[in-house]
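A quick write-up on the structure given underneath.
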Amino acid sequence: MLLRWIRQQLGFDPPHQSDTRTVYIANRFPQHGHYVPQQFADNRIISSKYTVWNFVPKNLFEQFRRIANFYFLIIFLVQLMIDTPTSPVTSGLPLFFVITVTAIKQGYEDWLRHKADNEVNGAPVFVVRSGSLVQTRSKNIRVGDIVRVAKDETFPVDLVLLSSDRAEGTCHITTTSLDGETNLKTHYSVPETLVSQSVSRLEALHAVVECQQPDADLYRFVGRITVTQQEEEIVRPLGPENLLLRGARLKNTKEIFGVAVYTGMESKMALNYKCKSQKRSAVEKSMNTFLLIYLGILLFEAILSTILKYAWQAEKKWDEPFYNQKTQQERNSSQILKFISDFLAFLVLYNFIIPISLYVTVEMQKFLGSFFIGWDLDLYHEESDQMAQVNTSDLNEELGQVEYVFTDKTGTLTENEMLFRECSINGIKYQEINGKLIHEGMTDDSPDGSGPPLSREELLFLKAVSLCHTVQISYEQPGDGPGNPFPHANGFSSQMEYYASSPDEKALVEATKRMGVTFIGSHGEVMEIKTFGKSEKYKLLHVLEFDATRRRMSVILQTPSGGKVLFTKGAESAVLPFTKSGEIDKTRVHVDEFALKGLRTLVVACRHFNVEEYEEVDRRLHEARAALQQREERLAEVFSFIEKDLELLGATGVEDKLQEKVQETIESLRLAGIKVWVLTGDKHETAVSVSLSCGHFHHTMNILELVQQKSDNECAEQLRQLARRIREDHVIQHGLVVDGASLSLALRGHEKLFMEVCKNCSAVLCCRMAPLQKAKVVRLLKTSPEKPITLAIGDGANDVSMIQEAHVGIGIMGKEGRQAVRNSDYAIARFRFLSKLLLVHGHFYYIRVATLVQYFFYKTLYDSVYLTLYNICFTSLPILVYSLFEQQVHPHMLQSKPVLYRDISKNSLLSFKTFLYWTLLGFCHAFVFFFGSYILMGEDTSLMGNGQMFGNWTFGTLVFTVMVITVTLKLALETHFWTWMNHFVTWGSIAFYFIFSLFYGGIIWPFLHTQDMYFVFVQLLSSGSAWFAIIIILIACLFPDIIKKVIYRHLQPTSTQKSQMYSNRVVIGDDFIALQPLSRAKNQLGKISLLRLTTRASAAWTPCVATQRGRTGAPGWAGWWRK
1367 MLLRWIRQQL GFDPPHQSDT RTVYIANRFP QHGHYVPQQF ADNRIISSKY TVWNFVPKNL
1427 FEQFRRIANF YFLIIFLVQL MIDTPTSPVT SGLPLFFVIT VTAIKQGYED WLRHKADNEV
1487 NGAPVFVVRS GSLVQTRSKN IRVGDIVRVA KDETFPVDLV LLSSDRAEGT CHITTTSLDG
1547 ETNLKTHYSV PETLVSQSVS RLEALHAVVE CQQPDADLYR FVGRITVTQQ EEEIVRPLGP
1607 ENLLLRGARL KNTKEIFGVA VYTGMESKMA LNYKCKSQKR SAVEKSMNTF LLIYLGILLF
1667 EAILSTILKY AWQAEKKWDE PFYNQKTQQE RNSSQILKFI SDFLAFLVLY NFIIPISLYV
1727 TVEMQKFLGS FFIGWDLDLY HEESDQMAQV NTSDLNEELG QVEYVFTDKT GTLTENEMLF
1787 RECSINGIKY QEINGKLIHE GMTDDSPDGS GPPLSREELL FLKAVSLCHT VQISYEQPGD
1847 GPGNPFPHAN GFSSQMEYYA SSPDEKALVE ATKRMGVTFI GSHGEVMEIK TFGKSEKYKL
1907 LHVLEFDATR RRMSVILQTP SGGKVLFTKG AESAVLPFTK SGEIDKTRVH VDEFALKGLR
1967 TLVVACRHFN VEEYEEVDRR LHEARAALQQ REERLAEVFS FIEKDLELLG ATGVEDKLQE
2027 KVQETIESLR LAGIKVWVLT GDKHETAVSV SLSCGHFHHT MNILELVQQK SDNECAEQLR
2087 QLARRIREDH VIQHGLVVDG ASLSLALRGH EKLFMEVCKN CSAVLCCRMA PLQKAKVVRL
2147 LKTSPEKPIT LAIGDGANDV SMIQEAHVGI GIMGKEGRQA VRNSDYAIAR FRFLSKLLLV
2207 HGHFYYIRVA TLVQYFFYKT LYDSVYLTLY NICFTSLPIL VYSLFEQQVH PHMLQSKPVL
2267 YRDISKNSLL SFKTFLYWTL LGFCHAFVFF FGSYILMGED TSLMGNGQMF GNWTFGTLVF
2327 TVMVITVTLK LALETHFWTW MNHFVTWGSI AFYFIFSLFY GGIIWPFLHT QDMYFVFVQL
2387 LSSGSAWFAI IIILIACLFP DIIKKVIYRH LQPTSTQKSQ MYSNRVVIGD DFIALQPLSR
2447 AKNQLGKISL LRLTTRASAA WTPCVATQRG RTGAPGWAGW WRK
């Protein structure tokens, strides 16, 4: 046990001994001495990255993968080993600070994940042990334990269903958090165990489950159960319909008992997770590239300086001057070692061109900047009382670089609420008004609230809809149980609650109930409805189940009068071709009109059988269902024989309610140059309908399909045809629909062709996707030659792999638990918040960090104290404040003009061209600093007020002073959004440099061994020539930069610069809410509960509303800082 525990702590799973696992129910192992129990994983879920044992080595390894950190570690070690011009403290102290701060931040974030895991692993569960029901923690469940799960609870492990409180041994579950489907699914127990409905009977059960080893496929399970009864072994097959998956929720069933077969990280839900890896932003990768270039420059400088030193020392008078005689040991030392030592000394001397304070400032900027997202009240959702949250601050700037958005459908784009809207009966369109069926265009003007009597066709249509389904009913008071997850949005009593295998079925049955035809329930083979209070009972003879090929389902009933009737409903293309009577053409037009409105459509038809026809149907069905060979093919043939010669009754239109502003958000992302892919586990028809209604697909698009492919060759041929169609048609926009099975074939050997088709489509929809398939699609785009930045957004556990795979993962705080939120980088309450998160926050973060990085390389020498303080104190605060508050364009402008997002795409502000400009600018300014000072001061040997000569330390101080002032003013030229804080740190940094230099050089410090700077700065300031030189050099450095900015802004303005000029003239409306200041945001958030009790006055939420003409003087944060 100790060895197994150690292996688990180190991240290794115990090996499986075979391809199958044998599970003894209630852990009743064989009594013979030859049996060796198999080792299985425990039931702990682990989403964290570190443990107590591996945090230090793993975190240090990840941090020293950063080139700058590794470089400064080497420099620090070199300073310890040899005699260098600077103290090891100048490299070691900043390095230690950076490593410590980063480790604390990442450790805290992982501690939050550990905390969330402990909540899941510590959840109370009930298991059957030693003949009684025992409460324990979820993490203590073992493979073989019998677990009891009550209504509305989630399954803590993967269970094989043994029994339920129902006599037939069935139960109903929802798997929304696994595959995104909101429909109710029925699962079954085998006949030999369904009677074991009590603890005593379960204790007497002797059975063994043999099944496959853990597999990530949610829809595949192969096994068998052997039950011993009266010394006879009965073997029953087990399939997906017998397996209850971890994360699914029990519905409409009081309780079930099941045996645990897959636990912890071996459960199917956990196998669909990806290992959490360290994500690195594009900016950080660019920083590493630039650091490599600067490292090359540094090596070149060190080598050149070493060579020049030896060239200078070729003359003996310079090699060993009279004032610096060598010792005998120095004369006899190896020339190679001396060369290496000198090279390392120059390396240390010049190492400050690679500033470690860059990483300190970037880490601080990311950490402090991440609070702005949580404080932004535009991202606060009042109804659910949820703010946006940041789980990983390392990726803030990546929000401004997104090129592809991969989104889930259910719970992310939609609200999971189906509403009946319209229908067509006998060629006439109807709508529901106040629970009555009214002709389109008419109003409900009956004074007593009663509608006109229904015609025969209308009544038959409503009966067909209320009987052709697999709906279950729960009679329960609202106060019973732990809560009701299905809201009664349609306004009728909660005593009767419908549970359906399809959300459409539930909405339709609820609609017929409001219109007077109420489905009462099924009792065995009897289905009962009430038509305006009059009870009618129908005998259910056969159910022709829905399948993806037929795209319809049917029921055969015996009417109260004894007749036999078939009711069918399904997709338009699956029903209309088999109809022979009814208003076919009119109904087809109505269905198209419903689809244009974004409604989900179903066509309803019927067929009446005479005695001979029904006997033939009944015989064929029994023969097909009893067949042992080719059962599915024979059933499909019989279904086709039955579902023909139909009488068309009408069609329905149901709305899948979208979240607020989903269409506007998708359109904004499209205008910003971001492609949106929808990845969902839902059915093909449902997914296409939602894509149309939310604007992901346009009705003018040519929708291409890659669905129901059976083989590699068939898939490849279909892909080639689609590629050909796209090439031949350059005008029409294309949308692609692909299902999970076809995607598996496409990714197996035709990735290049598949990607060619996808990239030429304006929108892509992937349906029937398993969680790992979602991650594979994201990885496919990530690793394509263009290397685009990807973002994944979802709300359920089925989206975790996709969220972890993408460059940026966003969790929606929805109704399906917190799995997605816990494993995401950012979390928001609604999809519509994605627009501001990317277009405003992403834009700001990227511009700020990109300028910060370039500026640090630009401003990147002297007394070791000055070298240490230059990047840490003298020039760090202005760029930090800039990187927190800079706004090149007003936030309102960024949201109203999404096209501005394109200006910063493809990491444009950190391109090699931009990097080269800043680098050359730094070299040019350094050239002017040094040679300008030399030319202006070099020939004058008596510049001091006391007549002393201008020495090396004074000359160096002059160069350093000009440098500090110039780089600070250069940042001031780059600043567009001035606050009092910017003014304070900009001019305060220059003042601090002067004050520090006066104190440092004006006092004899007893703890310093040498004090070369004593009184140097005071003497420099006493020289009028020095002040003149400072002014001339500043003008020489900055004036060309000002001229360049003016010329480019007027002759070649960018879209951002045009928007800046436009925003100076536009009137900012009262509906704009700026980023809230820190103090006000905290006060606002603290008063949220109070605000709900008061009138929803917009002024209470917008203390920074811009109401005056022209650019406001103090919008958002700036207003607060100025005040």
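If you count by the numbering used here, then the sequence shown holds residues 1367 to 2489, one letter each, in order. For glycine and all other residues, C-beta sits at the position ideal for the given N, C-alpha and C. All of these numbers come straight from a predicted model, not from anything done at the bench.
* Beta-carbon separation (whole angstroms), residue 1544 vs residue 1635, contact threshold 8 Å -> 6 Å
* Asked: Between the Cα of residue 1916 and the Cα atoms of 1902, 1901 and 1936, which residue gives the shortest distance?
  -> 1936
* Using the C-alpha atoms, what's the distance from residue 2094 back to residue 2342? -> 48 Å
* To do: Out of 1723, 2197, 2357 and 1966, state which residue places its alpha-carbon closest to the alpha-carbon of residue 1780.
  => 2197
* Asked: How about residue 2039 and residue 1791: do their beta carbons lie closer than 8 Å?
  -> no
* Asked: Rounded to whole angstroms, how far is the Cβ of residue 2161 from the Cβ of residue 1774, which I believe are closer than 8 Å?
  -> 6 Å
* Straight-line Cα distance separating residue 1866 from residue 1651 -> 50 Å
* To do: State the Cα-Cα distance for the pair residue 1585 and residue 1605, rounded to the nearest angstrom.
  => 9 Å
* Asked: Does the Cβ-Cβ distance between residue 1770 and residue 2041 come in under 8 Å?
  -> yes
* Asked: Buried or exposed: which applies to residue 1629, given that a residue is buried once 16 or more other Cβ atoms fall within 10 Å of its Cβ?
  -> buried
* Quick one: residues in its chain with C-beta nearer than 8 Å to the C-beta of residue 1752, no 5 flanking neighbours on either side, listed in chain order? => 1746, 2179 and 2195
* **Endpoints, alpha helix (DSSP H) assigned at residue 2398** => 2390-2417
* Asked: So which of 2166, 1705 and 2266 has the shortest CA-CA distance to residue 1679?
  -> 1705
* residue 2509 versus residue 2286 - alpha carbon distance -> Any answer about residue 2509 is impossible in this case: the structure gives the chain only from 1367 up to 2489.
* Asked: Can you list, in chain order, the residues of its chain whose CB lies under 6 Å from that of residue 1858, leaving out five sequence neighbours each side?
  -> Low confidence applies here, because residue 1858 scores a pLDDT of 42, under 50, leaving its location unreliable; read the following figure in that light. Excluding residues within five positions, none has a Cβ falling inside 6 Å.
* Which value, in whole angstroms, describes the spacing of the CA atoms of residue 1595 and residue 1528? -> 15 Å
* Measure how close the beta-carbons of residue 2266 and residue 2421 come, nearest whole angstrom, since I'm counting them as under 8 Å. => 6 Å
* To do: Measure the alpha-carbon distance for residue 1582 versus residue 1523 and round it to whole angstroms.
  => 14 Å
* To do: Measure the CB-CB distance between residue 1467 and residue 1729 and report whether it falls below 8 Å.
  => yes
* Asked: With residue 2084 and residue 2072 assumed to form a contact (beta carbons below 8 Å), what rounded beta-carbon distance in angstroms separates them?
  -> 6 Å
* Asked: Are the stretch 1529-1541 and the stretch 1618-1628 touching, with three or more C-beta to C-beta distances below 8 Å?
  -> yes
* Would you mind giving the Cβ-Cβ distance between residue 2070 and residue 2100, rounded to the nearest angstrom? I have them listed as a contact below 8 Å. => 6 Å
* **Three-pair Cβ contact test at 8 Å for the stretch 2162-2173 versus the stretch 1718-1727** => no
* To do: Pull up the DSSP beta-bridge partners for residue 1309, would you.
  => The question about residue 1309 has no answer, for the chain in this structure spans 1367 to 2489.
* Contacting residues, own chain, Cβ-Cβ under 6 Å from residue 1880 (five flanking each side not counted) -> 1801
* With distances taken between CB atoms, is the gap from residue 1435 to residue 1461 smaller than 8 Å? -> yes
* Asked: When the distance is taken between beta carbons, is residue 1832 closer than 8 Å to residue 1878?
  -> yes
* When we look at the beta-carbon of residue 1385 and count the other beta-carbons within 10 Å, is it buried (16 or more) or exposed? -> exposed
* To do: Going by DSSP, name the residue or residues bridged to residue 2043.
  => 1772 and 2130
* Span of the beta strand (DSSP E) holding residue 1765? -> Taken as a continuous stretch (DSSP letters only), residue 1765 belongs to no beta strand (DSSP E), as it is neither H nor E.
* To do: Going by CA-CA distance only, name the one from 1567, 1592 and 1868 that's closest to residue 1918.
  => 1868
* To do: Go ahead and pull the three-state DSSP assignment for residue 1333.
  => Outside the modelled stretch of the chain, which goes from 1367 to 2489, sits residue 1333, for which no answer is possible.
* Rounded C-alpha distance that separates residue 1892 from residue 1558 -> 26 Å
* To do: Give the DSSP bridge partners of residue 2068, in chain order.
  => 2100
* To which residues of the same chain is residue 1632 closer than 6 Å at the C-beta, ignoring the five residues directly before and after it? -> 1407 and 1580
* From residue 2127 to residue 1735, what does the alpha carbon distance come to, in whole angstroms? -> 36 Å
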